[in-house]
Every structure is written in C-alpha cells, then in structure tokens.
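A quick write-up on the structure given underneath.
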Amino acid sequence: MSYQHQYVDGTRIHFPLGKVVCIGRNYAEHAKELDNPIPSEPLLFIKPGSCVVPLEGGFKIPTERGSVHYEAEIAVLLGKSLSSNASEEEVLDAISGFAPALDLTLRDVQAKLKEKGLPWELCKSFDGACVLPPFVSAASFEDLTDIPVRLTINGEVRQDGNSAMMLNPIVPMIQYMAAHFSLQAGDVILTGTPAGVGPFTVGDELVLELPGVCRFESRVL
Ligand code: ZN
Numbered sequence: 003m004s005y006q007h008q009y010v011d012g013t014r015i016h017f018p019l020g021k022v023v024c025i026g027r028n029y030a031e032h033a034k035e036l037d038n039p040i041p042s043e044p045l046l047f048i049k050p051g052s053c054v055v056p057l058e059g060g061f062k063i064p065t066e067r068g069s070v071h072y073e074a075e076i077a078v079l080l081g082k083s084l085s086s087n088a089s090e091e092e093v094l095d096a097i098s099g100f101a102p103a104l105d106l107t108l109r110d111v112q113a114k115l116k117e118k119g120l121p122w123e124l125c126k127s128f129d130g131a132c133v134l135p136p137f138v139s140a141a142s143f144e145d146l147t148d149i150p151v152r153l154t155i156n157g158e159v160r161q162d163g164n165s166a167m168m169l170n171p172i173v174p175m176i177q178y179m180a181a182h183f184s185l186q187a188g189d190v191i192l193t194g195t196p197a198g199v200g201p202f203t204v205g206d207e208l209v210l211e212l213p214g215v216c217r218f219e220s221r222v223l
C-alpha cells in the first residue's frame, strides 16, 4: 500500500514524502542493551522515502534475512525547509506534526555490517523499513522535552520511553541534522528508540502510541 502524509483527522498533507533522517543510540538504555557505546556526536543515517509504508491495516516484514527488530520512535514531520544554520525558532516553526513510528531493522544483517564497519542501508533502508501512522498536529504539543512513546506487542508493553530521556533533545537534534543535510517540507525525522527493542514475528498484534495523544493498532502481516 502506498504511503501519503496525512493528519489523524484524515486531512491530507499537501507536501510529498521526502527522506527520513534518523538518529541512532539517542537513549542511553538502548545503547547499553545492544552493547553499543554512547556516541560522542549524534549518529545519523537516512532512510529513503521509498521504504515508508503506512501502519494502518498492517505491514509486512522481510522473512528471509534474519531477525527484524522493531524500534518504536517519536517521528517529527517537517512542513518547511531548514538550512544549515537554522535557529531554534526556525526549527520549531518548521515542525508540522508528531507521530509514533517504527524504524524496522534487520538486526542480524546490521551486526555483520557493524563488524565490518560497513554502512547500514542493507539493514535500515529496505522496502517497508519505516512504518508511519498519520501525524498529530504540532499545535497539540507544548513541551517537546516531555513526549511519551510506547509500543505494546500481543498485550505486553515492550518499549516505554519519553523524549525527556533523549541524549540529543528534538530541537538541537534537528539543528544538527540541518547542519549536515538540507531538510525539506515532507521530510521525516526519527528521533531514536528507547530500550526494549526485539524481534517481530508474523502475526504480532501491536499498539503504537504517544500515550495521552494518539493510539494506533496494527499487525505484522
Ligand atoms: Zn532507530
């Protein structure tokens, strides 16, 4: 199913899907669970727009390339472009909405790539590797340093984080990203995953939420 940006009330968002700029190891507890050091500078990678699929109605995962890990993350939708020296105010003004997203990762493939010091596209950028629900308008969020995100699988809470725990908070993170890549309306930022990542199995039923703001049910097909 093809993806198009929209808000939770069903309003279509007019700008097209761009790229997905991601940060790795942005929660200390998650870096620890995978035995990774905490990076001294933000660890960035990009997923192409082609890997984005909608959450609603279920989504498919690859079944022949080892484990597919879920990473529940707060996604930020940009509605304006940002240049390399974007101010805090410009970043805030450019944010159109927030949503809980899934950064899917072929974890066994990633382990091999990491071992060899190779780039991550094979484990992070496959078709279906970014799962997005509709966005909630940024106007509903007062404090960007206190946004909860939670993933429940088959009735069990697996990830329960909050932007308060981020090593790089949302606004300075986006400034850092903009300093390295032009950001455009329609681009999505994935802000890193809290602890609790693990493998998906076909048939898993999940609830992905920004608790108190929005809640989506889906399943692994
Ligand atoms: Zn991630």
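Numbering (my numbering), first residue to last: 3 to 223.
We put the beta carbon where it would ideally sit given N, CA and C, even for glycine.
| message | Using DSSP's beta-bridge definition, name the partner residues of alanine 74. | response | Leu104
| field | Contacting residues, own chain, Cβ-Cβ under 6 Å from valine 23 (five flanking each side not counted) | value | Leaving aside the five residues that flank valine 23 on each side, the residues in its chain whose CB is nearer than 6 Å to its CB run, in chain order, Ile48, Met179, Ile191.
| request: Just the C-alpha distance for lysine 126 and lysine 116, rounded to the nearest angstrom, thanks. | output: 12 Å
| query | By how many angstroms is the C-alpha of lysine 114 removed from the C-alpha of asparagine 170? | reply | 27 Å
| field | Among Ser220, Gly194, Val215, Val10, the one whose alpha carbon lies nearest that of glutamate 31 | value | Gly194
| task | Grab the span of the beta strand (DSSP E) containing arginine 160 for me, first residue to last. | result | 158-164
| Could you check where the alpha helix (DSSP H) with proline 174 kicks off and where it finishes? | 172-182
| aspartate 11: which of Val215, Ser52, Pro121 sits nearest, CA to CA? | Val215
| Identified DSSP bridge partners for proline 150 | Asn164
| Do you know offhand how far alanine 197's Cα is from phenylalanine 137's? | 23 Å
| message | Please tell me whether phenylalanine 207 and proline 102 are closer than 9 Å, where the distance is taken between their beta carbons. | response | Sequence check: residue 207 is glutamate here, not phenylalanine. At the C-beta level, glutamate 207 and proline 102 stay beyond 9 Å of one another.
| field | Check whether tyrosine 29 and methionine 168 have beta carbons under 9 Å apart | value | yes
| query | Cα separation between leucine 57 and glycine 163? | reply | Answer to the nearest angstrom: the Cα atoms are 20 Å apart.
| How should valine 159 be labelled, buried or exposed, when 16 other C-beta atoms within 10 angstroms of its C-beta is the threshold for buried? | exposed
| What's the C-alpha gap between proline 50 and aspartate 129? | 9 Å
| request: Quickly, what does DSSP pair leucine 46 with across the bridge? List them, please. | output: Ile25
| Cut-off 7 Å between Cβ atoms - residues of its own chain near asparagine 156, not counting five sequence neighbours on either side | Asp206, Glu207
| field | Whole-number beta carbon distance between isoleucine 97 and valine 151, since they are thought to touch under 8 Å | value | So it is not a contact: roughly 16 Å between Cβ atoms.
| field | Residue environment, alanine 166, which counts as buried when at least 16 other CB atoms sit within 10 Å | value | exposed
| query | Could you give the C-beta distance for valine 55 and valine 111, rounded to a whole number, given that I count them as a contact under 8 Å? | reply | Rounded, the Cβ-Cβ distance is 19 Å, inconsistent with contact.
| Where does glutamate 219 sit, in a helix, a strand or coil, going by DSSP? | strand
| said: Short of 6 Å in beta carbon distance, which residues of its chain neighbour phenylalanine 17, apart from the five on each side in sequence? Order them along the chain. | reply: In its chain, beyond the 5 residues on either side, Ala187, Gly188 have a beta carbon closer than 6 Å to the beta carbon of phenylalanine 17.
| message | Less than 8 Å between C-beta atoms, sequence neighbours within five positions excluded: which residues of the same chain meet that for glycine 60? | response | Ser220, Arg221, Val222, Leu223
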